[in-house]
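A short worksheet on the structure shown next.
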Amino acid sequence: MKKSKNAKRIIYLTTAALMAALTAVATSFIKFNTGINEGYLHFGDAMIYLSAAILPPPFAFVSSAIGGALADIIAGAPVWAPATAIIKGLNTLPISLLFYFSKKKKNRIITPLTCLMSVASGFITVFGYLLAEGLMYSFPSAWTSVPFSIIQATGSTVVFILLGLGLDALKFKKRFFSFDIPKPDSDILYIFEDTPYLNITNKCPCACTFCIRQNGKSLGSAENLWLKKDPDFSQIKETLDAFDFTDVKEIVFCGYGEPTCAYDNLIKACKYIKKKHKGVKIRINTNGLSDLINKKPTAKAICENADIISVSLNAPDAQTYNSLCNPKFGDESFDAVINFIKDCKKYCDDVRVSAVNVLNDEEINKCKKLADELGVKLRIREKV
Ligand code: SF4
């Protein structure tokens, strides 16, 4: 979602005003008097933590300061308003700075770290009001308010987590504030036909006549699949961490290159996905030349870390294959593809092959026969 600077500013200002109002309402009207020094318990801090998780730091700071001070005025305790404005502004800092400096999981409001930071914010409430009350009244009486401040901070954290989880379930941040997340120059992860795809390399030993790379740099949600440099594993991991896997059933390794050309990163990324997202199936779309590319048998390790292997068979024989795919390994390539399919069959229950509809009917029938002999399903793909 691209937005102009002005449009972003208007969205932030509107949200900040709304959050200030919600903070004032949640503080003024959902409250319990403590009976001590005109103080009361409230859960308005939950709105402050929410502002910090959604808005850039200056907007969250000002919105929370105004909302908190307004609540004191509405409650007939304006004497507290200046101290509250400072404390409520400071309350935003732990979560605000976490989102500002972190590159991970910006689409989610609730993460283990935001929960931790809301606790840190609670300490600001406790010590902020202890200091303010001590200076305004007396420290012995201020200490008697500390237990109520602790209850208030704890209650606000619980309400914040519940609210945040609800908004995360609705993908609130992703839907309305994802323009805030900087987009990289090229795409490692993109969405194509509702499925996430990983583009981990642009290397490939073939030059297929029908290759989609000839069509341009964008595909699906990707703006640019041409990588300046193949990503290292930490960049792939960071990309996976930033992606919201809610409702994802399958992820596919397939981009502007042959994924087994980045063999080590491919295996590491598969292991990482398996560890972090247990129900998500991994499909690897490959040209089947991995053994030649990596100069070793690779089918076993690939199959052990993926669920579905889809091999581009592309032709019924070596001659047709060479003329369509122009593999740099020459005549041994087609046999290598067939052997790779046979090896994958030993280690994986779901091995598929594909060919593109640039073949004539006779060639497609021969491919079907070959696929039957290999015991795999053939899919004829439309040339894109
Ligand atoms: S193997 Fe795939 S990426 Fe490589 S040239 Fe052929 S179609 Fe393109």
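Under my numbering, think of the first position of the sequence shown as 1, with each following residue one higher. Don't be surprised by glycine CBs; every beta carbon is placed ideally from N, CA and C.
| Check | Outcome |
| --- | --- |
| Residues that Ser310 bridges to, as DSSP identifies them | Asn285, Arg352 |
| Cβ-Cβ distance between Thr298 and Cys261 below 8 Å | no |
| Contact set for Arg108: own chain, Cβ-Cβ below 6 Å, skip 5 residues either direction | Asp168 |
| Any alpha helix (DSSP H) of 4 or more consecutive residues that is wholly inside the region 193 to 250 | 233 to 242 |
| Cβ-heavy atom distance, Asn287 to the ligand SF4, below 7 Å | yes |
| Contacting residues, own chain, Cβ-Cβ under 8 Å from Asn224 (five flanking each side not counted) | Asp185, Ser186, Asp187, Lys217, Ser218 |
| Bridge partner(s) assigned by DSSP for Val252 | Tyr197, Arg283 |
| Reference Pro56; option with closest CA among Phe177, Phe243, Glu363, Val351 | Phe177 |
| Length at least 4, wholly inside the region 70 to 100: the alpha helix (DSSP H) runs in chain order | 81 to 91 |
| Residue range of the unbroken alpha helix (DSSP H) whose run includes Arg381 | It is not in any alpha helix (DSSP H) - Arg381 instead sits in the beta strand (DSSP E) that spans 377 to 381. |
| Local Cβ density within 10 Å of Val158, reported as buried at 16 or more and exposed below that | exposed |
| Rounded Cβ spacing between Leu75 and Ser28 (contact assumed at less than 8 Å) | Note on identity: in this sequence residue 75 is Ala, with Leu being the wrong assignment. Rounded, the Cβ-Cβ distance is 5 Å, consistent with contact. |
| Nearest residue (CA-CA) to Ala269, options Thr239, Ser290, Leu289 | Thr239 |
| 8 Å Cβ cutoff met for Ile95 and Ala132 | no |
| Nearest-angstrom Cβ-Cβ length linking Met47 and Ala26, presumed shorter than 8 Å | 5 Å |
| Coil, strand or helix - Tyr190 by DSSP | strand |
| Collapsed DSSP secondary structure at Gly330 in the structure displayed | coil |
| Outcome for Tyr100 when other beta-carbon atoms lying within 10 angstroms are tallied against a minimum of 16 | exposed |
| Given Thr92 as reference, the closest of Asp247, Pro82, Thr114 once Cα atoms are compared | Thr114 |
| Exposure of Ala142, with buried meaning 16 or more beta-carbon neighbours within 10 Å | buried |
| Contact test: Glu396 Cβ vs the ligand SF4 heavy atom, cutoff 7 Å | Residue numbering for the chain in the displayed model covers 1 to 384; residue 396 lies beyond these limits and cannot be assessed. |
| Contact test: Arg381 Cβ vs the ligand SF4 heavy atom, cutoff 7 Å | no |
| Candidates Ile151, Cys208, Phe245: closest to Leu189 by CA position | Phe245 |
| Per-residue DSSP class, three states only, for Gly389 | There is no way to answer for residue 389, as the model of the chain reaches only from 1 to 384. |
| Close-in-space but distant-in-sequence residues of the same chain around Ala456 (CB under 8 Å, 5 per side omitted) | Given a span of 1 to 384 for the chain in the structure shown, any question on residue 456 remains unanswerable. |
| Heavy atom of the ligand SF4 within 7 Å of Ser186 beta-carbon | no |
| Pro231 versus Phe210, Asn265, Gly220, residue with shortest Cα-Cα distance | Asn265 |
| Cα-Cα separation, Arg213 to Phe43 | 54 Å |
| Buried or exposed by the 16-neighbour rule on C-beta atoms within 10 Å, applied to Arg9 | exposed |
| The region 271 to 282 contacting the region 312 to 322, beta-carbon criterion three pairs below 8 Å | no |
| Anticipated Cβ contact below 8 Å, Tyr12 with Ser118, distance rounded | In fact, because the Cβ distance is near 21 Å, the residues do not count as touching under 8 Å. |
| Classification of Leu324 by the beta-carbon crowding that lies within 10 angstroms, buried from 16 upward | buried |
| Distance between beta carbons of Ile191 and Ser221, contact taken as under 8 Å | 4 Å |
| Beta-carbon proximity check, Asn287 vs Cys206, cutoff 8 Å | yes |
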